[in-house]
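In the working numbering, the protein residues as written are 39 to 793. Please read the structure below before turning to the comments.
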């Protein structure tokens, strides 16, 4: 798919140049400290404004000045420390997936051979250490394990050292290398120790088994990490690889990357629709549940829109491509999920700082351990010093810390996508569980957002019965309000068409005005009538209007400068799931507010129907944002749910902003979460998902910290004075490998959470 490397250009404060922001797949990262190294290298590269590297999904988001440094320059910078970028702009994820599969296959093979060669070394070292030539056999078997099958640890450690950096590879290379070299010296020069009255111990089995266990741990970790992005893979799998275009009178299959806007595409029964477009010929029913969340197939006729990733049912049709590549709705959803999975939760910033200093601190602890044992260890001081310092290097695990947050975020974002909840960034996912006040817009959020005109009453009989309805049609056809669409639809069924207005103005939160033939006309609410001095005429209609409002209908007025010409009642039915969703939110201790620009009577009727006691009517966009600020000033964590342009100001102000997916583009652009379904139950689901994700992050961090806080002192030998226990480096290697796997496995439990 095109444009899977996300890119945007924008001007930044204090910089007259055009900054480019791109997300690149990264290769060769093996631990959280690797991500810190890549991020540090990029951040300190001239021309780079900022960089964020995510270890869990192996990506780097870089903001840079293309006039100073290009993509190749960025790639060269991280290649110098042993990593690589994928710069393929057609389908970099496929390139990354292929590279990861090769790496996984190679790691699997190395792990298998390391295990096979380590078994006889362990048997000899544990049970037949005094057998003739046992040390030489162990040295011969462990050498290929350490320096061939484990060569990547040494290569990467050297590349890091050249830039005065360190990562997990540094710990593995130091521990296994020292153990092997010490054992080799003792094998070749045993008399050195014999002359001093000491036995020359060897640790070939520790060096070999540590490589085997850590390789096994990395293998399991890679397997588990691949499962954390299953939701993203499922989304990518919705788009077919080839497209059947109409070329003259013939059908031709071409790769999807070659599709261009305007081409006619044929879709057969059961096939996935490849790009967005408009039906040109034929009819069918299409399963659009991946976009709308609604299970009922939608009928498609000539002139209707179809979307990439949706599935054609029984019919066949042809359509004209309108949006291709990265412009399709499916591509935008995939991009949003990718960016969210790659974003960092606030807590991750602290973890990154810890991971960045973790390896140097562990090396310092290992050196300190060695020094203490040399001072207090007596005759076996050197042996114990070497054993404990090697064990400290082996057991320390920055990966568990580094994986704790991003794996939970990746699974949480993926779980949301599976449930029609698109999350823009990790911060909103982390903050959602704290929400204790939520503001709901009425139209399109609590109600269906599909208003229909139930009554149109002419108060003043038109002198020209055709002109005034045409003026009304022209005014409403230029308005962006959903109620205007209902009026236009009603007039169209009556055969009314528009005319050309001399002027038009939209009055936010009140209505619209326009001029025709020297006369000013307006359509809007009673606030607009009051502004134009027509409130007294509105009072004459109180009985009729009050009855409509008691029926939860919205009333709008059509008038000229002197009098009200018509009143219109518009009904927008409440969604079937709204009351249930609001009840769920209230049972969780969340205070629910409703805000609407509608009149008080209609707002009250809707609020009563769904169980909301606190509502605000006749609210302008600024009023909605003001309520958010008012609640925030009281210490509330506020979520705003809306779908229109008039909600965007409040959405931007809220702590957690949620847009209904059928709303306006600006609302979805501002919001941190988008619900691609009309079901309001997705709101409590999104907040519950936030709670479960944060719980998982806390569990992961707790066990990662506890593992290192307990493991490192035991490895250093704190129990030896108490009970004579020293941890074997082989056991330390197994524990280190399992710590990362346990963190990822705990994150994967989120996938089974019932929302």
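The beta-carbon is built from N, C-alpha and C at its ideal position, and this holds for glycine as well.
**Request:** Out of 486, 522 and 550, point me to the one whose CA is closest to residue 614's CA.
**Result:** One-based indexing of the chain shown puts residue 614 at position 576. Cα-wise, what sits closest to residue 614 is 486.
**Asked** Around the C-beta of residue 366, are 16 or more other C-beta atoms found within 10 angstroms, so that it is buried, or is it exposed?
**Response** Translated into positions along the chain shown, residue 366 becomes position 328. Answer is buried; the Cβ neighbour count reaches 16.
**Asked** According to DSSP, which residues form a beta bridge with residue 293?
**Response** Residue 293 sits at position 255 when you count from the first residue of the chain shown. DSSP lists 280 as partners of residue 293.
**Request:** Report yes if the C-beta distance between residue 314 and residue 361 is below 7 Å; otherwise report no.
**Result:** Within the chain shown, numbered from 1, the residue matching residue 314 stands at position 276. Within the chain shown, numbered from 1, the residue matching residue 361 stands at position 323. Cβ distance < 7 Å, so residue 314 and residue 361 count as in contact.
**Asked** Is residue 752 closer than 7 Å to residue 428 when the C-beta atoms are compared?
**Response** For the purposes of this step, residue 428 is taken as the residue at position 390 of the chain shown. For the purposes of this step, residue 752 is taken as the residue at position 714 of the chain shown. No, the Cβ-Cβ distance between residue 428 and residue 752 is not below 7 Å.
**Asked** Looking at the structure shown, is residue 207 part of a helix, part of a strand, or coil, going by DSSP?
**Response** Translated into positions along the chain shown, residue 207 becomes position 169. Residue 207 falls in the helix class under three-state DSSP.
**Prompt:** Tell me which same chain residues have a C-beta within less than 8 Å of the C-beta of residue 204, skipping the five on either side of it?
**Reply:** Indexing the chain shown from 1 puts residue 204 at position 166. Excluding residues within five positions, the ones whose Cβ falls inside 8 Å are 71, 195, 198, 397, 398 and 401.
**Request:** With hydrogens ignored, establish whether the beta-carbon of residue 618 is closer than 6 Å to any heavy atom of the ligand NAP.
**Result:** No copy of the ligand NAP appears in this structure; indeed no ligand is present at all.
**Prompt:** Below 7 Å between beta carbons: does that hold for residue 430 and residue 395?
**Reply:** For this step, residue 430 is matched to residue 392 along the chain shown. For this step, residue 395 is matched to residue 357 along the chain shown. Not closer than 7 Å, so no.
**Prompt:** When the Cα atoms are used, what is the spatial distance from residue 46 to residue 102?
**Reply:** Translated into positions along the chain shown, residue 46 becomes position 8. Translated into positions along the chain shown, residue 102 becomes position 64. Residue placement at residue 46 cannot be trusted, given a pLDDT of 39 that sits under 50; what the coordinates show is reported in the next sentence. Residue 46 and residue 102: Cα-Cα distance of roughly 11 Å.
**Prompt:** Is it true that the stretch 457-471 meets the stretch 239-252, where meeting means three or more beta-carbon pairs spaced less than 8 Å apart?
**Reply:** no
**From 469, 716, 232 and 480, residue whose alpha carbon lies closest to that of residue 646** = Here residue 646 refers to the residue found at position 608 of the chain shown. It is 480.
**Bridge partner(s) assigned by DSSP for residue 249** = Walking along the chain shown from the start, residue 249 turns up at place 211. According to DSSP, which records beta bridges pairwise, residue 249 is partnered with nothing at all.
**Request:** Could you say if the stretch 213-232 and the stretch 167-187 meet the contact criterion of at least three C-beta pairs nearer than 8 Å?
**Result:** yes
**Prompt:** CA-CA distance, residue 600 and residue 573?
**Reply:** Within the chain shown, the letter at position 562 stands for residue 600. Within the chain shown, the letter at position 535 stands for residue 573. Going from the Cα of residue 600 to the Cα of residue 573 covers about 11 Å.
**Item:** Cβ shell of residue 349 (< 6 Å), same chain only, five flanking positions each side left out
**Value:** Counted from its first residue, the chain shown places residue 349 at position 311. Only 310 and 325 meet the Cβ criterion.
**Message:** Strictly by DSSP, which residues pair up with residue 753?
**Reply:** Numbered from 1 along the chain shown, position 715 holds the residue referred to as residue 753. None, per the DSSP bridge assignment.
**Message:** What ranges does the beta strand (DSSP E) occupy inside the stretch 595-675, keeping only unbroken runs of at least 3 residues that lie completely in it?
**Reply:** 602-609, 629-633 and 652-654
**Prompt:** Are the stretch 588-608 and the stretch 558-565 touching by the rule of at least three beta carbon pairs closer than 8 Å?
**Reply:** yes
**Asked** In whole angstroms, what is the alpha-carbon distance linking residue 343 and residue 610?
**Response** Within the chain shown, residue 343 is the residue found at index 305, counting from 1. Within the chain shown, residue 610 is the residue found at index 572, counting from 1. Approximately 24 Å between the Cα atoms of the pair.
**Prompt:** Do residue 293 and residue 346 have their C-beta atoms closer together than 7 Å?
**Reply:** Indexing the chain shown from 1 puts residue 293 at position 255. Indexing the chain shown from 1 puts residue 346 at position 308. No; because the gap between Cβ atoms is not below 7 Å, this pair is not in contact.
**Best match in 519, 497, 527 and 498 for proximity to residue 511 [C-alpha to C-alpha]** = Here the question's residue 511 lines up with position 473 in the chain shown. Checking every option, the nearest Cα to that of residue 511 belongs to 527.
**Request:** For residue 797, count neighbouring Cβ atoms within 10 angstroms of its own Cβ and tell me buried if that reaches 16, exposed if not.
**Result:** Because the chain in this structure spans residues 39 to 793, residue 797 falls outside the shown range and cannot be described.
**Request:** For residue 796, collect the residues of the same chain with a Cβ closer than 6 Å to its Cβ; drop the 5 residues on either side in sequence, then sort them by chain order.
**Result:** The structure shown does not extend to residue 796, since the chain is modelled only from 39 through 793, so no value can be given for it.
**Item:** Backbone secondary structure at residue 745 - three-state DSSP
**Value:** Translated into the one-based positions of the chain shown, residue 745 becomes position 707. Note: residue 745 maps to helix in three-state DSSP.
**Asked** Opposite residue 557 in the DSSP bridges: which residues?
**Response** For this step, residue 557 is matched to residue 519 along the chain shown. Within the DSSP secondary-structure output, residue 557 pairs in a beta bridge with 554.
**Request:** Alpha carbon to alpha carbon, how far is residue 667 from residue 727? Give it in angstroms, no decimals.
**Result:** As a position in the chain shown, residue 727 is number 689, starting the count at 1. As a position in the chain shown, residue 667 is number 629, starting the count at 1. Rounded to the nearest whole angstrom, the CA to CA distance from residue 727 to residue 667 is 25 Å.
**Request:** Determine the extent of the alpha helix (DSSP H) in which residue 545 is found, giving its start and end residues.
**Result:** Reading the chain shown from its first residue, position 507 is the one you call residue 545. Element bounds for residue 545: not the alpha helix (DSSP H) but the beta strand (DSSP E), 541-545.
**Prompt:** Taking three-plus beta-carbon pairs below 8 Å as touching, is the stretch 112-119 in contact with the stretch 134-154?
**Reply:** no
**Asked** With a Cβ-Cβ cutoff of 7 Å, do residue 230 and residue 211 count as a contact?
**Response** Against the chain shown, residue 230 aligns to sequence position 192. Against the chain shown, residue 211 aligns to sequence position 173. No, the Cβ-Cβ distance between residue 230 and residue 211 is not below 7 Å.
**Prompt:** For residue 40, which of helix, strand or coil comes out of DSSP?
**Reply:** Here residue 40 refers to the residue found at position 2 when the chain shown is read from its first residue. Because the pLDDT at residue 40 is just 33, under 50, the model does not fix this residue reliably, and the point stays unresolved.
**Message:** On a Cα-Cα basis, can you pick out the residue from 237, 208 and 178 that is closest to residue 218?
**Reply:** If you number the chain shown from 1, residue 218 lands on position 180. Of all alpha-carbon atoms in 237, 208 and 178, the one lying nearest the alpha-carbon of residue 218 is that of 178.
**Prompt:** Can the beta-carbon of residue 432 be found closer than 7 Å to that of residue 180?
**Reply:** Here the question's residue 432 lines up with position 394 in the chain shown. Here the question's residue 180 lines up with position 142 in the chain shown. No.
**Prompt:** Name the DSSP beta bridge partners of residue 459, please?
**Reply:** Counting from 1 along the chain shown, the entry for residue 459 is found at position 421. Beta-bridge pairing links residue 459 to 713.
**Asked** Between the stretch 235-248 and the stretch 415-422, do three or more beta carbon pairs fall short of 8 Å?
**Response** yes
**Request:** Tell me, to the nearest whole angstrom, how far the beta carbon of residue 608 is from that of residue 591; I am working on the premise that it is less than 8 Å.
**Result:** One-based indexing of the chain shown puts residue 608 at position 570. One-based indexing of the chain shown puts residue 591 at position 553. That belief holds up - the Cβ atoms of residue 608 and residue 591 are roughly 6 Å apart, short of 8 Å.
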